[in-house]
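This report refers to the structure that appears directly beneath it.
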Amino acid sequence: MDVVVYKDEYRELWDEFVENSNNGTMFHLQQFLDYHPAGKFDWHHLMFFEKGNLKAVLPGTFENGVYESPIGASYGSLVIPDITFKETMDLVSALLDWGKKNGVKHFILTSAPMIYENFQNQNLEFAMLWQGFNYQLHYISSAIKLDPARELLPRFQSTVRRNIRKSLKDPDIRVEVNERYDQFYP
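According to the working numbering, the residues represented by the sequence shown are 712 to 897, in order.
Right, dumping it as structure tokens:
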């Protein structure tokens, strides 16, 4: 497996890969990462190729022997398609080999919450733990599937239920579904 440092010529390939991956989000897109003023971060994104095919991308910075997920992006870590555990192990091995060859003393990677995976599995997490990574911090995420057939209010404390009902009656509060992402992330 070949590990290549990202260049601008790969921008379209990178973003297309992220959009079609299993665990990539808008925070992994070059379009988002370029939002930061030029020079604010010394980007050192990595791309993993096998037989000419892009297998994974890793956004990050590399400074003073530390490879780190982008600080301004909430999370980073390897972006992968829905691949087998063996393929995931191979990717992590390739990352570690690249790190040894390039003087990486520490990796600090912040994975996206599992809820963002199209096909949820823990292959990447387990492959990293198996090969020597560990947790500096372990974030716990929870999500509630919004299903009209499922009654959600009983899951909450009475004060929360009361506040929800009160908010639903407030004419100044409304839910609007649209695709104007430029207003949410200008």
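Virtual Cβ for every residue (Gly too), placed ideally from N, Cα, C.
Fair warning: this is a prediction, and the values are worked out from it, not measured in the lab.
Close CB contacts of Phe830 within its chain, under the 8 angstroms cut and outside five residues either way in sequence, are with Asn733 and Asp793 (chain order).
The beta carbon of Ser780 is closer than 8 angstroms to those of Pro770, Gly771, Tyr786, Gly787, Ser788, Ile819, Leu820 and Thr821 in its chain, skipping five residues each way along the sequence. Looking from the CA of Lys766, the closest CA among Val815, Met737 and Val729 belongs to Val729.
Fully contained in the segment 787-826 are the following alpha helix (DSSP H) runs of length 4 or more, in chain order: 796-812. Counting only residues of its own chain and dropping the five nearest sequence neighbours on each side, Leu724 has a CB closer than 7 angstroms to the CB of Leu765. In the structure shown, the three-state DSSP call for Thr870 is helix. It is roughly 9 angstroms from the alpha-carbon of Leu744 to the alpha-carbon of Met737. The segment 725-763 is shown to contain whole beta strand (DSSP E) runs of 3 or more residues at 757-761, in chain order.
Rounded to whole angstroms, the gap between the alpha carbons of Glu774 and Ile782 is 13 angstroms.
Of all alpha-carbon atoms in Asp881, Asp883, Leu806 and Gln868, the one lying nearest the alpha-carbon of Gly843 is that of Leu806. Exposure of Phe867 is indicated by the presence of fewer than 16 other C-beta atoms within 10 angstroms of its C-beta. Here Val803 is buried: its Cβ has 16 or more other Cβ atoms, across all protein chains shown, within 10 Å. C-alpha of Arg885 to C-alpha of Glu862: approximately 20 angstroms in a straight line.
In the three-state DSSP reduction, Tyr846 falls in the coil class, being neither helix nor strand. In the displayed model, Lys880 falls within a helix according to three-state DSSP.
In this structure Asp753 is not in contact with Gln741, their Cβ atoms being roughly 15 angstroms apart against a cut-off of 8 angstroms. For the set Val790, Lys797 and Leu757, the Cα lying nearest the Cα of Tyr778 is the one of Leu757. By the criterion of a C-beta distance shorter than 6 angstroms, Thr799 is surrounded in its chain by Asn834, Leu835 and Ala838, once the five residues flanking it on both sides are discounted.
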